[in-house]
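Numbers -12 to 405, taken from the working numbering, label the letters of the sequence shown in order.
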Amino acid sequence: MSATLITDIGELTTNVGVPGDPCGTLRDAAILIEGGRIAWVGRAVDLPPIAGVAETTSAGRDGGKPPHRRPTDVATRSGSVVEVVDAGGRAVIPGFVDSHTHLVFGGDRADEFEARMTGTPYAAGGIRRTVAATRAASDDELRRRLKRFVAELHAQGTTTFEIKTGYGLTVRDEARLARLAAEATPEVTFLGAHVVPAEYADDRDEYVELVCGRMLHDCAPHARWIDVFCERGAFTPDESRRILAAGIAHGLLPRVHGNQLGPGEGVRLAVGLGAASVDHCTYLDDGDVAALAGSETVATLLPGVEFSTRQPYPDARRLIDAGVNVALASDCNPGSSFTSSMPLMIALAVREMGMTPAEAVWSATAGGARALRRDDVGVIAPGTRADLVLLDAPTRVHLAYRPGVPLVAGVWKDGLPL
């Protein structure tokens, strides 16, 4: 079995928290990867002996060049070949975990963005435009576009991601979106309750019945999660509760879009049902914050939406100070946040939402993992998946300090370079 040793890491974010440092920071660190998992992590001086390592890590700090993977950089451990990668004193963090995306869709809504920038307010009804374009697209067209988005995610350091349906809104189209999403990730969310499609505008109850019945039946085999947009212009709290209960009965785990466009019952609905996360959380009262703080439900904040729609940003500082688990995600979608950049989410969270750089990086990695109820990603510890990002920077702070700069110098997914 082959292995990889990453050494000369200047700053390592493990997310194995210690008092005063939830990022579990190690200096002058090393990581040993075997079988796609973390086999050892710690200070380089404490690395167990590996034959040949001392002779093959002489490249040293290289001022920002890509990691060294020369054929001669090999060593042996228990008869296995060990590839040695010299991080050159740069920072390594866990792969980003993007727990909220809408990556399977057709069409484009750049004109809506342009209109918003001249004063037109955002409204949920624009989703129906994407629904029409998605229904008209072939499976191959949607698959090709999804493949490009996944490559875009990987290039920016995202190694785990969720994908929602919600742009088909017929039994056939929602099922094919769930099937296509499942080709790219195990974290598929059935979102038939995105909006009520135009053909059911005069009979909402019939559409809710369809979502709870045949649509759910056909999508559930491809999905792990069920979600609902509990918001004015989308679904009422009673409709949302009914839909989520039907999904739970089919073995799906609940998530909620809530409190995005104004105050509402989305947060308390999510907490009451034991949802893994409630996403957006822009408009919260004290009761919402208290409910989240007393639960395992993660508040997933999506600052790309506020950037694109000019809505107020969520108050992350208020949530964190109250003890709420917070995640950051991109909400990549064609209408309200057409970006897949988790580094941008970190920069926005620090600049606009009161988070420290360490809190933002934690929320974009370990926080996202919690929102997906995963303990094998988002942290760097023995036994976890070897999903890693090498930054072309000495510290994780540069993700916020140098916004818009491509700082991802290397990405590993399950121990393999992407």
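We put the CB at the ideal spot given by N, CA and C, even for glycine.
Indicate whether residue 314 and residue 282 have their beta-carbon atoms separated by less than 9 Å.
no
Compare the C-alpha of residue 164 against each of 209, 201, 142 and name the closest.
209
Per the DSSP calculation, residue -10 is bridged to which residue(s)?
21, 69
If I follow the unbroken alpha helix (DSSP H) through residue 206, where does it start and stop?
203 to 206
Can you tell me which of 394, 70, 356, 306 puts its alpha carbon nearest to the alpha carbon of residue 342?
306
Per-residue burial, residue 185 [other beta carbons within 10 Å of its own, 16 or more giving buried]
exposed
When 395, 390, 367 are compared against residue 28, the one with the closest alpha-carbon:
367
From which residue to which residue does the beta strand (DSSP E) around residue 264 run?
264 to 267
Going along the chain, which residues of its own chain have a beta-carbon closer than 6 Å to the beta-carbon of residue 339, five neighbours each way excluded?
300
With a threshold of 16 other CB atoms inside 10 Å of the CB of residue 204, please say whether the residue is buried or exposed.
exposed
Is the beta carbon of residue 12 sitting closer than 9 Å to the one on residue 82?
no
The ligand FMN heavy atom lying under 8 Å from the CB of residue 25:
This structure lacks the ligand FMN, and indeed carries no ligand of any kind.
Measuring only the C-alpha atoms, how far is residue 380 from residue 136?
25 Å
Can you look up residue 57 in the DSSP assignment and give me helix, strand or coil?
With a pLDDT of 37 at residue 57, under the threshold of 50, the modelled position of this residue cannot be trusted, and the question is left open.
Going by C-alpha distance, which of 202, 251, 126, 232 is nearest residue 221?
251
Name, in chain order, the residues that DSSP records as bridge partners for residue 400.
403
Since residue 275 and residue 255 are thought to touch, with beta carbons under 8 Å apart, how far apart are those beta carbons, to the nearest angstrom?
7 Å
Does the beta-carbon of residue 329 have 16 or more other beta-carbons within 10 angstroms, so that it is buried, or is it exposed?
buried
Taking Cβ positions, are residue 270 and residue 248 nearer each other than 9 Å?
yes
Can you give the beta carbon distance from residue 344 to residue 384, rounded, assuming they're within the 8 Å contact cut?
5 Å
With C-beta atoms as the reference, is residue 91 less than 9 Å away from residue 156?
no
Please report the straight-line C-alpha distance between residue 190 and residue 172, rounded to a whole angstrom.
34 Å
How far does the alpha helix (DSSP H) with residue 100 in it extend, from its first residue to its last?
97 to 103
Residue of 293, 320, 358, 311 minimising C-alpha distance to residue 336
293
Quick check: residue 289 and residue 327, are their CB atoms within less than 9 Å of each other?
no
Residue burial classification, residue 321 (beta-carbon count within 10 angstroms, cutoff 16)
buried
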